[in-house]
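> After the structure tokens below, expect a handful of questions from me.
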Amino acid sequence: EPNIVSYNSLIYACGRRGDAAGAERWVAEAEARGLVARVTTYTAVVDACAKSGDVQRAEKWMQRMLAAGIEPNVVSFSAMIDACAKGGSLERAEHWHEEMLRSG
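Sequential numbering from 218 applies to the sequence shown in this note's numbering.
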């Protein structure tokens with residue numbers, strides 16, 4: 218029976234290709250099976266968004282992580298900042314850097 222770790226592997230595979238939509242589909246399937254996303258799950262989707270330079274989509278997933286009560290870690294914030302950099306949004310990158318500093 219697949220668990221969230223096996224789904225995270227699939228999500229990371231999508232991320233390596235910059236396939237944010239594919240990563241989102243795997244999250245949806247995992248959740249449909251009753252599995253609970255972890256910080257690593259959300260970070261993998263943010264990273265997939267970063268690879269494609271989709272700042273808005275990455276921010277949506279960061280917000281979703283926060284709404285789920287999951288604290289982003291340094292890897293999460295780094296992926297978000299990378300998405301902003303690739304998307305040409307220095308202002309948003311600075312915002313997420315400040316959020317990372319605030320979170321400790």
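For every residue, glycine included, the Cβ atom is placed at its ideal position computed from N, Cα and C.
1. Quick check: what's the CA-CA separation for Tyr259 versus Ser269?
2. Note the first and the last residue of the continuous alpha helix (DSSP H) segment covering Leu252.
3. Once you ignore the five residues that flank Asn225 on each side, which residues in its own chain have a CB closer than 7 Å to its CB?
4. What is the DSSP secondary structure of Ala230, counted as helix, strand or coil?
Straight from the coordinates:
1. 16 Å
2. Where Leu252 is concerned, there is no enclosing alpha helix (DSSP H), given that its DSSP letter is neither H nor E.
3. Thr257, Thr258, Ala261
4. helix
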